[in-house]
Structure formats: C-alpha cells, structure tokens
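Okay, structure first, notes after.
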C-alpha cells in the first residue's frame, strides 16, 4: 500500500511539474471526496490586451540649413569711359600737321593755270564795304561772326580747298584754324589783301611800322614753364563746329602792344596774362616779351603741355605778325581757354630787326594782282548788316564824366580821345570840354568832315543829354570808328545852366502814362530785310542822319497809341534789362537785348513798313539802337528821355538822370 501511495504521489508531482512547464497553467485541485460538490474554478481577472505600442516620437532634429553660397570677391564696376573730347582730338589733328598758309603769288598762279577745277573756294571775311571796294575775283564775302552759322557753313565745299582772306592775314587765320578743326581743308592768304594789292583803296588797312610799331623792352633769358598742372577746361562746344561758332560769334580777340605793356607794368602781377611765344625757338632766344614762355604750335596741344596752362588765367599768344598766333589762339579758345593775340605780333612790340626778325614789308610782300569790285555775293541780303552786327556785338559804349575827366588829366596826352561836340554852335560857344571840336550831327557824315576824324583813336561824342550823341556814335561805330558817348552829355559835365543849357527835368519832361507788366509777344510772321539807305555804312548814315536824329516825345507816342487806330501803332521795342522790363513797360512793348536784336532771325520779325520806337531808361541806349536800325533801312525813333519821361513811378523807370548824383563841376572852355 505504501508503494502504491508513493507511486501516486510521484505521478501527481510529475503532472504538476508538466503543467507548470507548459505555460504556468493552474494545477487542478486534488480530487475531493466522492460525496462533496465539485467547486467551479474561479473566473480569472481579465487582463486588458497589451496595446500595440506606438513608435516613440522621435526627438526632432533641426533641418540642415541650405548652405549659403560663399560671398564672391567684389569686382569693381567697369567705369563709364570719359566722353571723348572731340575738340581736343580735332586740335591735335590740325596743329600736329603745321599751320596752313598760302602766298599771294602761289594763289595767283593757281587761279591762272588754266585749270578751273583746281581753283580754291575763296572766302573774304573783310567788312562788306571794303569787299565792295575790291576783292580777289570769285571771292564770296561773309563776316567771321557768321562763318560758323550752320546755314552758311552748309554752303561751304567739303571736298575743295578753301582760302580765307582778310586785311593782314590775322582775322583770316582765326577762321582758317577753326575751319580745319571742323574738318575743312583751309588756308590763310599770307598777309591778306595787303599782299595781293598795293592799292590803298582796296587793301584799306595794313601793317604800318610808323603807326603800329613800338619800342617796348624785351629779354633774352629763357623762361621755364611752371611745374604745377591743371585739369583741362570744358571746351566751348561739343563739336569743333559748335566750339568755333561759340568762339567766333563775338569776333577775334586781340590785344594791342600798348595795352599789353600797360597790363604788365601796372604793379599788379596777379592780372598778368600767360604769354606764349610760338615763333621759332632761335628767334624767341633773340628777344621776347619779358616773362614769355616758348612753345611749338605742334607740341602745345598735347595734353601734357595743355595741363600746364591755368584755365582761369588769360593767355596772350605772340608770333612775328599776328598770323600764326591767331591760328593757335583759336584752338586754345575752342578748348575753353581765354586766349588773345598780340596784334601784329613782335612787329608791333619792337622796332629792332634783330628781335622782330620778320614783318610785313610792302616792297617784298605786296603785289599788284587784279581785283574785282561789287557787293557781296554771299553773307546776307542786307550789305550793312555785318557791320551793324559787329558794332552791336560788343555792346553800347558810354564813358562817364569822371572817367573822361581822369583820362584828360592823367598827364598822358597820347591817350586822350578825340572829343566831338554835336551841340548847336551857339551852345558850344557858351562852354565845352577843352579840345572838343564842334559839328552839327546833320553834317557829321559829310565826306569832307569825316576825313578829319581819326581812324586810330577813340572818339567821344558829346551833346546835351547823351541822346543825340548816342545816335551819332552808333553810326560812327558801324562805319568803323571807335566811338563812345559821354553819358548824360554836358548835363553830367557841369552844373552851370549857362553851359549845359538843357537837361532832363522831371517836372517838365515826366508824365504818368499807364504801364503794364503783361509781356508783349513778337509775332510769328517773318519779313524780308529792308533795303538800306545806301550800300555802305557811311553813306547809309549820311542818308538818314542828314535830317537829324530820330526821336518821339512821350506825349506824342501816348496820343498815337490812343487815337483809336491800331493800324498806325508803332512797334515798340524795349531794350532795358529784362528784369526792369518786367517791372513795367509801355503797353504792347516787346523786349529785346540790343546784342540779340541784330541777328537776322530777330530782324526778320520786324515789319519794315511799320515805324519802330525804341525805349530804354533815359533815351541814350535806345538812340544807339535806333541809329543801327535806321542804317539798315528801318524807320526807327527813340523815345525821348525813355521811361524817365513816360512814368514818375521809380519802381518802373528804375533809373534816370539825377543832378545830385550824375552832375559834376568840371572845367570848360569857351
């Protein structure tokens, strides 16, 4: 029994072990006694299913930044190239090849070789009245001031040699150099008409050592160029033709030997010009103006040489006769410098032949080649116009009483002007400036009297108030004289009523006529220029001034403008400063600058059949302008006493004669 029980126990143990090893199942309870109720196994506590684990949230990794491209090494921008200086390029091209001249004998041979195809185009730049006295056959005439007007320039041949002719070769040289820089093939007639003919009626003026030569000092020491350098100035125009027009529209620039000598010896070295001698170096070394430096024209226009010139300093160019210097001065002026030519060169500075070396000699250089006569073939429809333009382009010339008095009393009688009184003889006899000669303005241009006037001396014209003198001086200037007006006439020279006789008196002469600030407008219509009274300035002046100066009084003009007939109203031209015109002017008046009025474009706006009234402050500037218009063939009068007589409003008349301000007590003779 014991063995049986042991076996059962072993079996039960093995079974329990087996169950445990098969997953840990619960062992069955031991068998209960037969009579006991078998108990159900307890319900196991449910275990929730283990959820499918979510993948762990990854630790965020910052995105790898897109790498920036490496900063490139900065490359400097390509600089904008400096615009080419076309004027400098043209100057270097011309001057590097030498200056162009032709002798009279070579030109004559060319014109008479039987081959007209090789004849040059000849341009005379002399005054129209002198061109009419005689010129090289076939030559056309134009003022140098109009030479580079685009309309005229378009008439010049680009495939033919051009020869430019003047009196002495100097003015022609300005034109020649400018034409070459503009691309033409131009030459100067050496010594001009002085070398073509011996007829004084034709050559008119030429170098005269007795008249033009001086004995000013020279030095032989070579002067070095300064070491300081400067930027080149801006050229006078974008193209050589534009630059030439800008330079030549006011005419050539000269300085006479006495004026240069005075400048160099005035005790103020700061105003001394740079003097450049362009003669041969061996002649420069024989003697030159003190302080002058030397340069070859071929080398002067290199940038290296030009950079040695102070663009704010005046330049005077010197050669033998003024001709080569004129060629050089053109290039300098077109490049933006302020250059003048010593008139007649060293021929005018010294009479020493060892120093001047060569100069015009009529026995050597002058010929008797044929000329033809007649009016200009080209250069304007009005033969007086070039002379008027030349006279007016320099402005109106007045001299104050104090300046004239100082001149007459400076101890140097050689610089005294020729004084011309155009007052009535009985008033001249009551008292006049010492030395003044008397003539009626109506006889001023009588040939016999005109022959007594100096052509090489300043003339000061004197009247009562400056108005009649202005008309006379204007006509003289146009005729080629160097004339000025004594500002306010004898009214400014003396306070003695027995001597000045009559002067502006606001109580007597001034009115209160209406004015306007509404600007007048020039019409759009254009007209042909009128026929002048004569074909030369002297005869033209004699024709209209023979009846006396042309004036209109304020009351007569006011009555005309208000007579109800606008058809007889004159064209009123104000020549006051524009800002003063804008302060108030006669209703309907247009404005013009005296310098610009005499361009052909402006003159063509004037109806030659309509009377003109010119207006200024005091009647003097207006008289000057009216005279020029009358020379041209217009019917012009000056408003007597100007705006001083039209209005009493000082805001409008701006300035007028004031005895407390303008009158002096200078001596007179009877």
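In our numbering, the protein residues as written are 3 to 672. Just so you know, even glycine gets a beta-carbon here, dropped at the ideal spot from N, CA and C.
Asked: Span of the alpha helix (DSSP H), counted from its first residue to its last, around residue 480; Found: 469 to 480
Asked: Residue range of the alpha helix (DSSP H) that includes residue 350; Found: 348 to 351
Asked: When 249, 529, 230, 231 are compared against residue 239, the one with the closest alpha-carbon; Found: 249
Asked: Own chain partners of residue 502 with C-beta closer than 6 Å, once the 5 adjacent residues on each side are dropped; Found: 492, 493, 496
Asked: Which residues DSSP lists as bridging residue 434, in chain order; Found: 671
Asked: Pairwise C-alpha distance: residue 480 and residue 172; Found: 21 Å
Asked: Residues bridged to residue 600 [DSSP beta-bridge criterion]; Found: Bridge partners of residue 600: none, in fact.
Asked: Backbone CA spacing between residue 266 and residue 109 [nearest angstrom]; Found: 40 Å
Asked: Straight-line gap, residue 664 to residue 468 (C-alpha atoms, nearest Å); Found: 12 Å
Asked: Euclidean distance between Cα positions of residue 415 and residue 356; Found: 31 Å
Asked: Nonlocal neighbours in the same chain, by C-beta distance under 6 Å from residue 623, ignoring five residues either side; Found: 398, 577
Asked: 9 Å Cβ cutoff met for residue 753 and residue 320; Found: Nothing can be reported for residue 753, as the shown portion of the chain is limited to 3 through 672.
Asked: Cβ-Cβ distance between residue 625 and residue 560 below 9 Å; Found: no
Asked: Integer-rounded CB distance, given that residue 222 should sit under 8 Å from residue 283; Found: About 12 Å; that fails the 8 Å criterion.
Asked: With 16 other Cβ atoms within 10 Å as the buried cut-off, status of residue 366; Found: exposed
Asked: For residue 352 and residue 438, the rounded distance between their alpha carbons; Found: 33 Å
Asked: Rounded straight-line distance, which links the Cα of residue 426 to that of residue 672; Found: 14 Å
Asked: Candidates 322, 257, 307: closest to residue 316 by CA position; Found: 257
Asked: Element boundaries [beta strand (DSSP E), containing residue 279]; Found: 276 to 279
Asked: Touching by the beta-carbon criterion (3+ pairs, under 8 Å), the stretch 583 to 597 and the stretch 498 to 513; Found: no
Asked: Helix, strand or coil at residue 524 [DSSP, three-state]; Found: coil
Asked: Contact under 9 Å by Cβ, residue 347 with residue 323; Found: yes
Asked: Residue environment, residue 336, which counts as buried when at least 16 other CB atoms sit within 10 Å; Found: buried
Asked: Which listed residue (534, 413, 174) has its alpha carbon closest to that of residue 330; Found: 174
Asked: Beta bridge counterpart(s) of residue 290 as assigned by DSSP; Found: 221
Asked: Simplified DSSP state of residue 638, which is helix, strand or coil; Found: strand
Asked: Beta strand (DSSP E) segment containing residue 420, residue limits; Found: 420 to 423
Asked: Inter-stretch contact at 8 Å, needing at least 3 Cβ pairs: the stretch 517 to 532 / the stretch 609 to 618; Found: yes
Asked: Option in 458, 523, 601, 660 with minimal Cα separation from residue 573; Found: 523
Asked: The stretch 178 to 190 / the stretch 101 to 120 touching (three or more Cβ pairs under 8 Å); Found: yes
Asked: Distance CB(residue 113)-CB(residue 130) smaller than 9 Å; Found: no
Asked: Coarse secondary structure for residue 382, derived from DSSP in three states; Found: For residue 382, the predicted structure reports a pLDDT of 42, less than 50, and the residue's modelled location is therefore unreliable. A value from the coordinates is still provided. Three-state result, residue 382: coil.
Asked: Bounding residues of the alpha helix (DSSP H) (the contiguous stretch that carries residue 501); Found: 499 to 502
Asked: Beta-carbon spacing of residue 635, residue 551 below 9 Å; Found: no
Asked: Presumed contact (8 Å Cβ cut-off) between residue 619 and residue 403, rounded CB distance; Found: Not confirmed; about 17 Å, so no contact.
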